[in-house]
Amino acid sequence: MGVIVTEPTRTKPIRLTQLAQGQSARLDSSSLPDIQTEELRAMGLGPECELRVCKMGEPCIIWLGSGAGGCRIALAKKLADHLHVRPC
């Protein structure tokens, strides 16, 4: 008898701006032009990056990284709305 292997259940990506304050997620994708995506990567916001919402609104302030090894960055709400994340 064969073994059925299923992929782990992954949450559906949502917009960063749909997260609540204090909620954690991983960056999934963006709908930004390449130049803006590269600028965000230079600030540490790259693929599969761990983040936590410190403040939602204008600006959207997020914590990048885990534990003490991270930093906070502020993003315009219009920019944050183009980032898709998977809630943790």
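Read left to right, the sequence shown gives residues 3 to 90 (our numbering). Even glycine gets a Cβ: it sits at the ideal position worked out from N, Cα and C.
*asked:* Let's see if you can read the secondary structure: which residues bound the alpha helix (DSSP H) around Lys57?
replied: As a first step, residue 57 is located in the sequence shown; it is residue number 55 there, counting from the start. From DSSP, Lys57 is part of no alpha helix (DSSP H) but of the beta strand (DSSP E) over 52-57.
*Relative to the alpha-carbon of Glu60, which residue among Lys14, Thr19, Pro15, Thr13 has its alpha-carbon at the smallest distance?*
Looking up residue 60 in the sequence shown gives position 58. The candidate whose alpha carbon is nearest that of Glu60 is Thr19.
*Within its chain, find whatever has a CB closer than 7 angstroms to the CB of Cys90; leave out the 5 residues flanking it on each side and keep chain order.*
In the sequence shown, residue 90 corresponds to position 88, counting from 1. Taken in chain order, the residues that qualify are Ser26, Ala27, Arg28.
_Residue range of the unbroken beta strand (DSSP E) whose run includes Asp36_ = In the sequence shown, the residue the question calls residue 36 occupies position 34. From DSSP, Asp36 is part of no beta strand (DSSP E) but of the alpha helix (DSSP H) over 36-44.
*Assign Met45 to one of two classes, buried (16 or more other C-beta atoms within 10 Å of its C-beta) or exposed (fewer than that).*
On the sequence shown, residue 45 is found 43 positions in, with the first residue counted as 1. Its Cβ having fewer than 16 others within 10 Å, Met45 is exposed.
_Rounded C-alpha distance that separates Gly71 from Leu53_ = One-based indexing of the sequence shown puts residue 71 at position 69. One-based indexing of the sequence shown puts residue 53 at position 51. Near 12 angstroms, if we compare the C-alpha coordinates of Leu53 and Gly71.
*Can you have a look at Ile64 and say buried or exposed, based on whether 16 or more other CB atoms are within 10 angstroms of its CB?*
Within the sequence shown, the letter at position 62 stands for residue 64. Looking at its Cβ environment, which holds 16 or more other Cβ atoms inside 10 Å, Ile64 is buried.
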